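Its first residue numbered 1, the sequence shown is counted upward by one per residue in the UniProt record's numbering. What follows is one structure encoded as structure tokens, with my remarks underneath.
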Amino acid sequence: MLKHGAVSRETVYEMARGAKAVAQADYALSISGIAGPSGGSAAKPVGTVWFGLATPEGSFEQTALFTGDREAVRAQAVEYALAFLAEHLV
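In structure tokens form, the structure reads like this:
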């Protein structure tokens, strides 16, 4: 049995660190979420998205809850991820 699901802090941590290593990059972003219209639960409702960022200084993870249809959740997640990266580039 899996200890952590696909939409979790642990998953985005591993995704970002793995992408950074494979790409031999300084920075890597990862996103895992439930954009809908189905797939949510009481613990992780539709709109739940986890973000991971691997940088030269370390790894950072955070979550957000977005509203709207599938396209709206995905668009908000992209904007959020880019802002997350930008705040670590300054």
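From the three backbone atoms N, C-alpha and C, an ideal C-beta is built for every residue, glycine too. Keep in mind it's a predicted model, so treat the numbers as computed, not measured.
Under the three-state reduction of DSSP, A28 is assigned to strand.
Taking 9 angstroms as the cut-off, the Cβ atoms of A64 and Y27 do not count as close. Beyond the five residues adjoining it in sequence on each side, G58 comes within less than 7 angstroms, by CB distance, of no other residue in the same chain. With distances taken between CA atoms, M15 lies nearest to G52 out of G52, E71 and Q24. Note that the C-beta distance between R70 and G40 is not below 9 angstroms. In chain order, L29, I31 and F51 place their CB closer than 7 angstroms to the CB of A81, counting only its own chain and leaving out the 5 sequence neighbours on each side.
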